[in-house]
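Enquirer: Below are the structure tokens for one structure; questions will follow.
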Amino acid sequence: MNVAQSIQNAVAVMPAGQIFGYDALPDYGRSPSAVIKAVSRMVKDEKLSRFAKGKFFVPQKGLMGNRKPSDGELIRSVLYKNGSLRGYVSGYALFNRLGLTTQVPKTIVVAVNGGRQIKDFGRLSIQTVPARAIVSEANVTLLGYLDVLKDIKTIPDTTVSQSMSRMVLLIKRLTPQEKRRLVALALEVYPPQVRALLGVMSDKTDLPDAQQLKLSLNPTTVYKLRIEAADWPNMKDWNIR
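Read in order, the letters of the sequence shown correspond to residues 6 to 246 in my numbering.
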């Protein structure tokens, strides 16, 4: 089977609207020039549509012509690079997915192993920001939780205390190993407010290493979050007001 036929067979089983790069195609590692030539021919024949430089998708016919990839597929194209996870959704979209707010943003913030960039897809914009730690399948959930605590005062249509209660439920579901890693990431790359919030929640979440969190904080720094002592009786132990 020649390269062109191999590419056609691979494309034939791809879901319509799925964005892919040359690296997802057979023979690219062995014959990159032949693969690029075969893909260009398929674009010319309208069997493929070009999404961006080196990125393509199988077009799906609609009443108004070829449909563009879904919002979810646009986001996925930023989350993954060369088949590997390199980012995660943060910001308001993360708050919405975790049940912290009902607001749905037009601009999706994605924390990535990379720099800042804005991608405008018309109905959707994606803003990339540098992640605080190298993103991997193992820590992507933990980084999202820590981002929530970092930005907890900015979550719309809720209070800090309500957001903390929701995060307690989510953190309690983590495995003991994940909880240890959560604390380690907070100590390594997140600001003091995050560590103080984890400390306050440690009694309700069985987080390990609470003493390490306490020792990492400046005892003279006060974190003004406007939460109630009735909900968080140990808040003063962590200098939260």
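Each residue gets a CB set at the ideal place from its N, CA and C atoms; glycine is no exception.
1. Going residue by residue through the segment 137-213, where are the continuous alpha helix (DSSP H) segments of at least 4 residues, counting only ones entirely within it?
2. Using the beta-carbon count (16 or more within 10 Å), is residue 133 buried or exposed?
3. Who are the near neighbours of residue 176 in its chain, counting only those whose CB is closer than 6 Å to its CB and skipping five residues on each side?
4. If you draw a straight line from the alpha carbon of residue 64 to that of residue 10, how long is it in whole angstroms?
5. What do you reckon, is the C-beta of residue 74 under 7 Å from a heavy atom of the ligand ATP?
6. Could you check if residue 238 is buried or exposed, using at least 16 other CB atoms within 10 Å of its CB as the buried criterion?
7. Contact between the segment 196-207 and the segment 150-169: three or more CB pairs below 8 Å?
8. Tell me the start and end of each unbroken beta strand (DSSP E) in the segment 48-84 that is at least 3 residues and wholly inside, in chain order.
9. Between residue 147 and the rest of its own chain, which residues show a CB-CB distance below 7 Å, the 5 nearest in sequence each way excluded?
10. Per DSSP, which residues does residue 116 bridge with? Please list them.
11. Do three or more CB pairs link the segment 69-79 to the segment 31-43 at distances below 8 Å?
12. When you compare only the Cα positions, how much space is there between residue 115 and residue 100?
13. Report the three-state DSSP secondary structure of residue 41 (helix, strand or coil).
14. Identify, in the order they occur along the chain, each residue of the same chain with its Cβ nearer than 8 Å to the Cβ of residue 48, setting aside the five sequence neighbours on each side.
15. Assuming contact is defined by CB atoms lying nearer than 8 Å, are residue 92 and residue 140 in contact in what I supplied?
16. Can you name the start and end residues of the beta strand (DSSP E) that residue 12 belongs to?
17. What residues are listed by DSSP as bridge partners for residue 125?
18. Return yes when the Cβ of residue 106 is within less than 8 Å of the Cβ of residue 162, no when it is not.
19. So, helix, strand or coil for residue 27, using DSSP?
20. Tell me the residue span of the alpha helix (DSSP H) that contains residue 21.
21. In whole angstroms, what is the alpha-carbon distance linking residue 96 and residue 8?
Expert: Taking the definition as stated:
1. 145-155, 165-177, 181-194 and 197-210
2. buried
3. 210
4. 19 Å
5. The ligand ATP is absent from the structure shown, which contains no ligands of any kind.
6. exposed
7. yes
8. 54-57, 60-62, 65-67 and 70-72
9. 183, 186, 187 and 190
10. According to DSSP, residue 116 bridges with 93 and 134.
11. no
12. 13 Å
13. helix
14. Excluding residues within five positions, the ones whose Cβ falls inside 8 Å are 54, 55 and 61.
15. Yes. Within cutoff.
16. First-last for residue 12: 8-17, but that is the alpha helix (DSSP H), not the beta strand (DSSP E).
17. 130
18. yes
19. helix
20. Here residue 21 belongs to no alpha helix (DSSP H), and DSSP marks it neither H nor E.
21. 43 Å
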